[in-house]
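Undergrad: Residue numbers (the numbering used here), protein chains in the order written: chain H, 1 to 513; chain R, 1 to 293; chain C, 1 to 508. C-beta atoms are modelled at their ideal positions from N, C-alpha and C, and glycine is treated no differently. Just so it is clear, the structure is predicted and the values come from calculations on it, not from any experiment. After the C-alpha cells below, expect a handful of questions from me.
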Amino acid sequence: MKTYTDLEYLKLSKGQKFLYKIARFFCSIPKKILGLFVALWNLIKKGCGIVKDEAADIWSTFVKGDWKTKVSFLIMGFGNLARGQILRGLLFLLFEIVFIGYMVLAGGYWLSMLPSLGKVGPTEEYDWVLDAYYTVYNDNSFKILLYGVLTIFFIIAFIYTWRVNVRQNKLAEQILAKGKKLKSGKDDLRSLVDDQFHKTLMALPLTGILIFTVLPIVFMILVAFTNYDGAHDGYYSNLFGWVGLDNFNTMLNWNVNSGGSVQSYAATFGEVLSWTLMWAFFATFTNYFLGMFVAMAINKKGINMKKLWRTVLVMTIAIPQFISLLYVSKMFAKNGIINGFLMNMGWISEALPFWEDPTWARITVIITNVWIGIPYLMLITTGILMNIPQDLYESARIDGANPWQQYTKITLPYMLFVTGPYLLTSFTGNMNNFNVIYLLTGGAPTNPMASSAAGTVGYTDLLITWLFKITQGAESQYYLASVVGILVFVVVALISLVVYNVLPSIKNEEDFQ
Amino acid sequence: MSERNSTKPMKHHMGLRTSRAIGNTAIYALLIAISIIWLVPFVCIVLQSFRVELKGPVGYVLPKQWGFDNYVALFKTDFPRWYTNTFISALVTAALQTVIVLCMSYTLSRFRFKMRKPLMRFMLILGMFPGMLTMIILYRVLKDLGMTQANAVPGLILVYIASSGMGYYVSKGFFDTIPKSLDEAARVDGATRFQVLKKIILPLSKPIVIYTILTAFMGPWGDYVFAQYISFGTSSGMNVAVGMYRWLNKDQIANSYTMFCAGGVLVAIPATVLFMCLQKYYVEGVTGGAVKG
Amino acid sequence: MKKFVALLMAAMMLFGMVGTAGAASLAGTYDITVWVAENAVELTKTQIEAFNTSNELGIVFNATVEAVSEADAATQMITDVEAGGDLFCFAQDQFARLVQAGALAKLGVKAAETVAAANTPGVVAAATAGDTMYAYPLTADNGYFMYYDKSVIPEEHIDSLEALIADCEAAQKYFAYEMQTSAWYLAGVFFGTGCVSEWTMDEEGKNFVSVKDTFNSPEGLIAAKGIEKLVKSPFHLSSSSGSEFASGAAIVVTGTWDFNNVQGILGDNMGVADLPSFEVDGKEYHLGSFNGCKLMGVKPQVDAVKAAALHQLAQYLTGEQCQLERFEALSWGPANLNAQASEAVQANPGLVALNAQAPYSVPQGQIHGSWWDIAKVIGDDIKAATDEAGLQAALDNYYDKIAALFKLDNNALLFVGAWNGWNNADETDTFYFKDGVLTLDVPESDYMGGRIVNPGKWDTDKGFAQVVTGVELVKDLGADNPDNNIVFAEPGNYTVTVNGSEISIVKN
C-alpha cells in the first residue's frame, strides 16, 4: 500500500483521509502481530537471563558467604538468627518447617498422583449377610487435581522465600561489612506501618485472591484438558483423567451432520458469541445514553422534586433482582398482565410474543435491562454532569448554540472522555451478565438448530448462561464448560486489549490528579 | 416590518419562557411516565403479597380479598432463618469487604512499588475469566473446610470477601482525586503512612466508604447461584434468594407464590431504606470513583 | 451374576444364616438426611417416626428431612454425591443420569424381588437399569390428562383438538399444553401416532448401546402436524401449571398433583377428561401421553450396615401403607398394586381421567439423559417451520442429534440398520460400536441390511467392500448396492467387529 507523505496526506479530501487511516490500520496488523511475537521472544530471553543471573548470584553468595550464610542455604533463617534478627529468622524457619511437614505428610502424595489423577476408582461390594450393596471409595481425582495445584503453588512460594532468605544473607553480610547495624525486629514491625505499609495492606486481600480466585481459575483451565463430567466425577462414579486437547478438538471441529442443518459446536459457539456481543453493545449503550438523558432531565433547571424522581428510580437497585426480574419476566409472559392489559384495551387481538419469538425476546431483554440499568447510570452521570464547568455552557449559549449542539459539543465529549473506562468495564460486565438473562428468559426461546448434546441453547443465551447450562445439563460436561470458559476469556481479553489501546483515558491514570 | 421589529425582543423573551415552560412540562410528563414504569412491578409485588383468595400466580393485579395471611405464613416456614442468614452475611460482608477494598484501593492509588502495574494488570485479566465455573471448585474447597450446608453462612462470607480485593476500581478512582500534596505535607511532618491514612485520608473518604459498604451490603441479598451451591439442599444454611426461589418450583408455585411476593417485600425493605438514606453519599462516591474506573 | 447371587442366597438361607444374623446386627441409631418434595416433608417425618417405633430390627433413624424438588434432585446429587441426601426422591427421567453418576445404590437381591412383586411392572422397569434394580417406586401417577373450564368449553368438544383450539381462540382464552419446553408432554403426541423411541442399555446399566427411534417416519410427520396445529395457535400456552386457570387459561394439560389447585381456582367449573384427538388427512389420532413415575433412591454408602438399614427404611417408605398415606394427603397415585386396588384410589376423579388416558399412554423406559433436551426443542422447530418439508426437517434434526449422542459418549462408529430397505425409516435401529465391537440382532425382513456411518452422518463410512471375515454371511448385491451397505443373508444374532478398515462378521 502506498504511503503518503505529510504533504500529500493533507491534500486529500476528508473522506479519503478517513479511508487512508483505516487502510493504514489494517496494513499495520501483520506488523503488529509480528511485533507481538518479537515481544514474546524478548520476554522469554529476558526470563532466561533473569534465571541465569539469579543462579549466578545464588552461587556467588554461597561461595563468598561466611558459614552462617552457608548454613542458611539448608536451614532457612539461620543467618538471620545468628546475626540477631530473631523475628525474621524465626519466620523463615517456621515457614521451612511447615513446608517440609506439609510435603512429607500430604503434598508429596498429591504431587505424585497429579500425572495420573488417581489409579483406583470406586468399587461396589456386596454383603451376603445383610443383602446390601456398599461402596468402597478410593482415589479422588478432584482432590488430587485441586491439592496438586495447591502444592505446586506452595512449592513456588517456598522457592521464592528461600531465594529471599539467601538474598537477605548476602545483604546482611554487605551491611555488616560496611560497619552498619542490621534492622531489629522492632524496626521491621515499624516499617510494616510505614515504608512497607503497602505490603501490610495488601497481604490479606492478595491471599484471598490467590486462594479464592487464582487457584480456582487454574483448576478450571486444567479441567479443560480432562474428561471431568457427571459420569466421571473423580470419586463417586469414575475417576477422570487427562485427555490432552480432545475437548478443544470436540469444541472446534465436531460436526453433528455435515449435510443436515444441525450446527456444529463451533457454529453454535459463534452464534451465541455474536448475540453476546450484540447484547453487550446494546445493553451498554442504551443504558448509557438513556441514563444520561434521564439524569439531564432530572438535573435540568426548573425541575422540582429532584430527590423524589431519583428515589423512585433507585428503588430498582435496592430490590434484589431475583425478585424484580422474576416478576418482570412473568409480566411479559404470553398470558401476563402486559398482554392482558393490551388485549383488554382492545389494542391487540392476540398476545405479543415477548418471550416466544427470537427477535422479540432479544429486544425485550434489552429493554428490561434498560429498566435495571438506567438508575445506576442516572446516579453515575448525575455527579459527572454537575462537574462540567458551567461557563462552558454559558459561552456556548452566547455563541448561539442550541441545546442539541451544546450536548454534542460539550456534554457528550466530556462524558465519553471521563467515563471511557467505565464503558469498557460495563461492556465486559454485560458480556458476563448472568443474572438478567437467567432470571428473565433462562435463554428461551430455544434454538432448534444448535447442537444440543450439551443442553439446549436458546436465542437469548449468553456464553455465560450457556456455560452454566452445560454444567447443569444431562451429562454435566464440566470439561466442555471449561473450554467455553477459556474461549470467553479469550474473547473478552481481545476486546479489552483493543479498547485499551484506543481509549486514552484508561492508559493515563495520572491525568486526573 | 417595523412592527415586527419592534416587538421582536418582547416575543423573543416570551418565546424563551414559553418554550422553557413547554420543555419543562414535557420533562415532567416524561418523568411521571418513567416513574410509573419503574414503580409498576413493585406496586404489583406489594399488591400480590396481600392477596388472600388464591396463593398461586393470577392474571389480575388487584386482590379480591386483602389480608396479612401471606406474611403470617412466612413465619411458619424457614423464612426467618433465611432472613437472619442473609442479614448476618450481608452485615459481616459489608464490614470486612469495605476494609479489604479500601486497603487495596488505597495502596494502589497512593503507593508506587515495583509490582504495582503488573499486579493491576494481572487482576484485570483475572476479572475476565467467567466466575461461573470456579464456583464448583470453591464449593469443594469450602466443603473440605466444613463451611457448607448447615454452616453455609461463614462459607458464603468467606467467598464474598476473599476476592473482593479485585473490586478496587471505583474506590481507587476516588482516592486518586484526593490531592497527593496532603499526604506529602503530613509525611514531611513525620507521620507514618498508617497515620496518614487514619488522620488525613479516611476523614475525606466518607462518600466512598459509604458507597463501598452499601454495595457490599447489597450483594448477599440477591446472590442465588453460589449460595445455592453452598447451602446444598440444607434449608438451615440457605439465604433468602435460594430459599424463596424454591417456592417458584412447578410443584410448589400454586401454594406459595403470594408468599414469595410477601417475602420479596420484606427482603427489599432494608436495602431500600438504606439506599434512600444514603443516596447522597452513593452519588458522591460513585462519581468520585467510577469516572476513573 | 444375579442368578448366581440368588442361588447363593438360597443356599445360605438353608443354613438359617441370613435372617438371624442380618436382623441382629442392624440395631442402632443412624443420622440420615432425607430429600423429599416440599409438600411431603411433614408427612415423611411422621412416616419415619412410625418406622422407628414399628420396626422389629431395633433401627432408629435420626432423620433430617429437607425439601428438595424431585426435578432438581439429580442435578444436586450429581454435583456432590457425598453431600446429597441418604434417601432422595426424584422424577423418573433423571434415573439414567443418577446411575451413571454413581449416585444410586443397588437394591439387595431379596429386596429387589419383594419390591418388584409388589409394584406395577412399568414402574419396576423404570427403576431397573440393565438387569439391576436401582430405586424404589414411589408413585405411578406421573401421567397427564386434560383439565378444562366448563364455562368456556362445551362438553361435546372435549374429544376434538381442533374444536378445543377454536373454542379457546373464540373466547380469547389460553390452551396450556407444554409443547415447547418439555419433551415429556411433546413426545406423547408421537407415541399417539405409533412412533417409538426405545433405548437399550448394556448389562451394567451404565451405557446405552442402541436406540430404535422412529420420530422421523411418516407417522412422526402426522404427529408433527398435530403439534403444529397447537403451537401455531396464538392462544397456545407452553405451560403445564394448573395455576394458569387463574391467568386466562381455559384448558391445562397436567397431572393429578394439580387437582386440588385447579379445583381451588375453578370450583364447580372444573372438568377433567382424557386428551382429545386430532385429525390429519381425514383420520383421527388420539393424543398419546408419556407415563412416568417418581422413585426413591438410596445413596451408596461406605458402611454395609447403614446401607442395609437405609434400604429397610426405603422399603418401608415406599410400601403399601406409606403410598396410601401419600395418596390421601397429597393425592399422589400409588405404584403399589394393593394400594392401587383400594376403593379410595379407584374413585379419585383425577385418576379416573388418567385411566381413561391409559390406553394411549406409553410407559417411560430408560432413556438417555440428553434425550429430554434434544426432544423438547422439536416443538420450537415445528413452530418455526413453514411447510411440510420444514416439519420433516425438524424431525430429521432431532434424529441427527440422537445419533450424535453415541459419538459423544464413545467416539465410536454407528451401525444404522434399515431392516426394510433404506428409505423405510420406521424399521431403523441405530447401534454403536463399543471399542469397535457390536452385537446385532437382525430381524426377519425383506431387506436385512444397514451401513456403518460416522455419527450424525448418513454416508457410508465403510461397509460391504471392507468385510474380510464372514463374507459368506452377507449378500453380494453387486451394482444394486451403490451405498456399500452390508446386507445379511439371513436373520439372526451377529457380532460385527471393526478393526481399522477391516470388518469381520461372526454369527452367534
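Would you say S504 (chain C) touches the ligand COA, meaning its beta carbon is less than 8 Å from a heavy atom?
TA: No copy of the ligand COA appears in this structure; indeed no ligand is present at all.
Undergrad: Determine which residues of the region 252 to 270 of chain C have a Cβ less than 8 Å from any Cβ of chain R, and write them out in chain order.
TA: Per Cβ criterion, the list reads W257, D258, N261, G264 and I265.
Undergrad: How would you list, in chain order, the residues of chain R whose beta-carbon sits under 8 Å from the beta-carbon of A493 (chain H)?
TA: Result: I125 and M128.
Undergrad: Alpha carbon to alpha carbon, how far is D268 (chain C) from M276 (chain R)?
TA: Each residue's Cα considered, the two are about 49 Å apart.
Undergrad: Can you tell me the Cβ-Cβ gap for Y177 (chain C) and A314 (chain C), rounded? I've got them flagged as a contact below 8 Å.
TA: Not confirmed; about 35 Å, so no contact.
Undergrad: If the cut is a Cβ gap below 7 Å, which residues of chain H does P234 (chain C) touch?
TA: Ordered by position in chain H, the residues that pass the 7 Å Cβ test against P234 (chain C) are E350 and A351.
Undergrad: In the region 54 to 67 of chain R, which residues sit with their C-beta less than 7 Å from some C-beta in chain C, listed in chain order?
TA: From the region 54 to 67 of chain R, only L54, G56, P57, V58 and G59 have a Cβ closer than 7 Å to chain C.
Undergrad: So is G118 (chain H) in contact with chain R if we call contact Cβ pairs under 9 Å?
TA: No, no contact with chain R.
Undergrad: Please tell me whether V330 (chain H) has its Cβ less than 9 Å away from any Cβ of chain R.
TA: For the record, residue 330 (chain H) in the displayed sequence is Lys; it is not Val. It does; some Cβ of chain R falls within 9 Å.
Undergrad: Note down, in chain order, all residues in the region 279 to 299 of chain H with a beta-carbon under 8 Å from any beta-carbon belonging to chain C.
TA: Going along the region 279 to 299 of chain H in chain order, one finds no residue with a Cβ nearer than 8 Å to chain C.
Undergrad: Are the CB atoms of D141 (chain C) and G255 (chain C) within a distance shorter than 9 Å?
TA: Yes. Within cutoff.
Undergrad: My assumption, with CB atoms under 8 Å, is that T441 (chain H) sits in contact with V365 (chain H). Please give the rounded CB distance.
TA: Confirmed, Cβ separation roughly 6 Å.
Undergrad: With 9 Å as the threshold, decide whether the Cβ of F61 (chain C) is near any Cβ in chain H.
TA: Taking Cβ atoms only, chain H never reaches closer than 9 Å to F61 (chain C), which makes this a no.
Undergrad: Can you have a look at C48 (chain H) and say buried or exposed, based on whether 16 or more other CB atoms are within 10 angstroms of its CB?
TA: The residue is exposed, with fewer than 16 neighbouring Cβ atoms inside 10 Å.
Undergrad: Could you give the C-beta distance for T495 (chain C) and V437 (chain C), rounded to a whole number, given that I count them as a contact under 8 Å?
TA: That pair is a contact at about 7 Å.
Undergrad: Specify the secondary structure class of L34 (chain H) as computed by DSSP and reduced to three states.
TA: Note: L34 (chain H) maps to helix in three-state DSSP.
Undergrad: W372 (chain C) versus chain R: which residues are under 7 Å apart at the beta carbon?
TA: The contacting residues do not exist; W372 (chain C) stays about 15 Å from chain R at best.
Undergrad: Report all residues from its chain with a CB closer than 6 Å to the CB of A103 (chain C); omit the five preceding and five following residues, and keep chain order.
TA: Counting only Cβ-Cβ distances below 6 Å, and skipping sequence neighbours, we find M77 and V81.
Undergrad: Using a Cβ-Cβ distance cut-off of 9 Å, determine whether N39 (chain C) contacts chain R.
TA: Yes, its Cβ sits closer than 9 Å to a Cβ of chain R.
Undergrad: Does the region 459 to 467 of chain H come close enough to the region 475 to 488 of chain H to have 3 or more Cβ pairs within less than 8 Å?
TA: Cβ pair count under 8 Å is three or more, so yes.
Undergrad: Where does the unbroken beta strand (DSSP E) through P363 (chain C) begin, and where does it stop?
TA: Its beta strand (DSSP E) spans residues S361 to P363.
Undergrad: Give me the Cα-Cα distance between S289 (chain C) and Y169 (chain R), rounded to the nearest whole angstrom.
TA: Each residue's Cα considered, the two are about 56 Å apart.
Undergrad: Which residues in the same chain as Q405 (chain H) place their Cβ atom closer than 8 Å to its Cβ, once the five residues preceding and following it in sequence are excluded?
TA: Only A396 meet the Cβ criterion.
Undergrad: Is M166 (chain R) close to chain H, meaning its C-beta is less than 9 Å from at least one C-beta of that chain?
TA: Yes, contact with chain H.
Undergrad: May I ask you to list the residues that DSSP assigns as paired with S497 (chain C)?
TA: Contrary to the premise, residue 497 (chain C) reads as Thr rather than Ser in this sequence. Its beta-bridge partners are C:V437 and C:S504.
Undergrad: Could you give the C-beta distance for K330 (chain H) and E356 (chain H), rounded to a whole number, given that I count them as a contact under 8 Å?
TA: Wrong, their Cβ atoms sit about 14 Å apart, outside the cutoff.
Undergrad: Nearest to K300 (chain H) by alpha carbon, out of H:P403, H:T408, H:K11 and H:K32?
TA: Per the Cα distances, H:P403.
Undergrad: D159 (chain C) and W372 (chain C): beta carbons closer than 9 Å?
TA: No. Outside cutoff.
Undergrad: Under 9 Å between the Cβ atoms of V262 (chain C) and Y174 (chain C)?
TA: Result no, Cβ atoms of V262 (chain C) and Y174 (chain C) do not sit closer than 9 Å.
Undergrad: Kindly indicate if chain C contains any beta-carbon less than 9 Å away from that of D69 (chain R).
TA: Cβ-Cβ to chain C under 9 Å: no for D69 (chain R).
Undergrad: Examine chain R for any beta-carbon lying closer than 9 Å to the beta-carbon of L206 (chain H), and answer yes or no.
TA: For L206 (chain H), the answer is yes, since a Cβ of chain R falls inside 9 Å of its Cβ.
Undergrad: Looking only at DSSP bridge pairs, what is R451 (chain C) linked to?
TA: Its beta-bridge partners are C:V416.
Undergrad: With three or more beta-carbon pairs closer than 8 Å as the criterion, would you say the region 106 to 118 of chain H touches the region 66 to 84 of chain H?
TA: The region 106 to 118 of chain H is not in contact with the region 66 to 84 of chain H.
Undergrad: Check the Cβ of W35 (chain C) against every Cβ in chain R and list those closer than 8 Å, keeping chain order.
TA: Under the 8 Å cutoff, chain R gives G233.
Undergrad: Establish whether the CB of V188 (chain R) and some CB of chain A are separated by less than 9 Å.
TA: Among the protein chains in the structure shown, which are H, R and C, there is no chain A.
Undergrad: Under 8 Å between beta-carbons, which chain R residues line up against D274 (chain C)? List them in chain order, please.
TA: Correct list: empty, because the minimum Cβ distance to chain R is about 22 Å.
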